[in-house]
Each structure stands twice: as C-alpha cells, then as structure tokens.
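>
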Amino acid sequence: MPNFFVSFGYAITFFARMLFFLSLISLLDTRPQEPLAITFTNLKDTRSPIVVGIFRKDDPFTKKTFKNYTLDPAGTPTPTLFVDGLPYGEYAIAIFQDSNRDGKLNTNILGIPKEPYCFSNNVRPRFSAPKYEQCKFTYSEREHHQFLELLH
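Residue 61 in the UniProt record's numbering sits at position 61 of the sequence shown, and the numbers go up by one each step.
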C-alpha cells in the first residue's frame, strides 16, 4: 500500500515545478508595447503644427506637462501621433494647433482660445479649462488609441 504522505509530497513538488515553469514562460512574452496613438479630426488647417501635452494625475493639468510632442500634419486631414515609450497608466491630453507658429496657445481678452484646441475624451469646456478628472483616460494594452476632435 503506497504511503499517502509520500504521494502527496510528490504532487506538491510536481505542482510547484509546473508553476515555476509557467512563470518562466510568461516572462518570455516579448510582444512589444503598443504605442499610444492619437488621431486628430476636424482639422481646417492641415499645415500648422499640432502641439500635444500629456499629463499625469500629479502634474498641474494644462500648466506643466509630463511629455510634450509636436506633430506636423503635412497636409493630412486626420493625422496620427504615435507616442512610444510611455508607460501604461492613467493620463490626460491637452492639444492646440499653433496656427501662427508662435509656440503658445493664443487667447482673446476673456481667455477663450483663438486657435483650434481639444482635450482627451473630447471634453468641451464651457467657462474654464476642464479638470484632469474630466479628461483622464487609461492607456493600456487594450486601450491605446485616442480620437480627438479639434474645436474651433
């Protein structure tokens, strides 16, 4: 008659080894991280650069960016910016199209933008800039494309 404890010990050892090998196999997953793709729509000017600011929760939203990018639409009505090397996580985006190429968002005396602009989640601000919480989105392996419509 076989000893129960010896058989049980072999079973535990077998399962421990299987878990170890399965964890090694999961480490071999070498799929590259998907870049964050940001596609812009509603461009009236397909020549002026699009300035993109990416913000984290702890960054002062619309004041100090985590990452900055400039995209030349090169005549394309729906250009796409591909952001590589950005860790998966929660972010918000603020964009403007620099129509006069002075490097800043020009506003009128009331602070209303004179140049096309937009925010992630296509938030349409009413009387002030939106809050981070309104514009935040999760960038992940499954959610890696934003479609943003410029406001004029």
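A virtual CB, placed ideally from N, CA and C, is assigned to each residue, including glycine.
These numbers come from a predicted model, not from an experiment.
1. What residues are listed by DSSP as bridge partners for K104?
2. Roughly how many angstroms separate the alpha carbons of E115 and T62, rounded to a whole number?
3. For the candidate residues E141, F82, S99 and N122, whose alpha-carbon lies nearest to that of T41?
4. Tell me, to the nearest whole angstrom, how far the beta carbon of K136 is from that of Y91; I am working on the premise that it is less than 8 angstroms.
5. Please classify Y139: does DSSP put it in a helix, a strand, or coil?
6. What is the rounded straight-line gap between the Cα of R124 and the Cα of S99?
7. Using the Cα positions of G141 and L43, report the straight-line distance between them to the nearest angstrom.
8. I need the straight-line Cα distance from Q134 to G75, nearest angstrom please.
9. If C118 sits next to L151, beta carbons under 8 angstroms apart, how far is it from one beta carbon to the other, in whole angstroms?
10. For the beta strand (DSSP E) containing L150, name the first residue and the last one.
11. Between the Cα of L86 and the Cα atoms of Y69, E149 and S48, which residue gives the shortest distance?
12. Are the beta-carbon atoms belonging to L110 and F96 less than 7 angstroms from one another?
13. Return the chain-ordered ranges of every beta strand (DSSP E) run that is complete within the region 32-82 and spans a minimum of 3 residues.
14. Check each candidate in I38, T138, P32 and E143 and name the one with the smallest Cα separation from T78.
15. Spell out the partners DSSP gives Y117 in its beta bridges.
Based on what the coordinates show:
1. For K104, which the question treats as bridged, DSSP gives no partner whatsoever.
2. Roughly 15 angstroms between the two C-alpha positions.
3. Selected option, being the one with the closest Cα: N122.
4. 7 angstroms
5. Of the three classes helix, strand and coil, the one that applies to Y139 here is strand, per DSSP.
6. 20 angstroms
7. At residue 141 the sequence reads Glu, which differs from the Gly that was named. The alpha-carbon atoms of E141 and L43 are separated by roughly 28 angstroms.
8. 31 angstroms
9. With 8 angstroms as the limit, C118 and L151 qualify as a contact, their Cβ atoms being about 6 angstroms apart.
10. Where L150 is concerned, there is no enclosing beta strand (DSSP E), given that its DSSP letter is neither H nor E.
11. Y69
12. no
13. 36-41, 50-55 and 67-71
14. I38
15. F96 and L151
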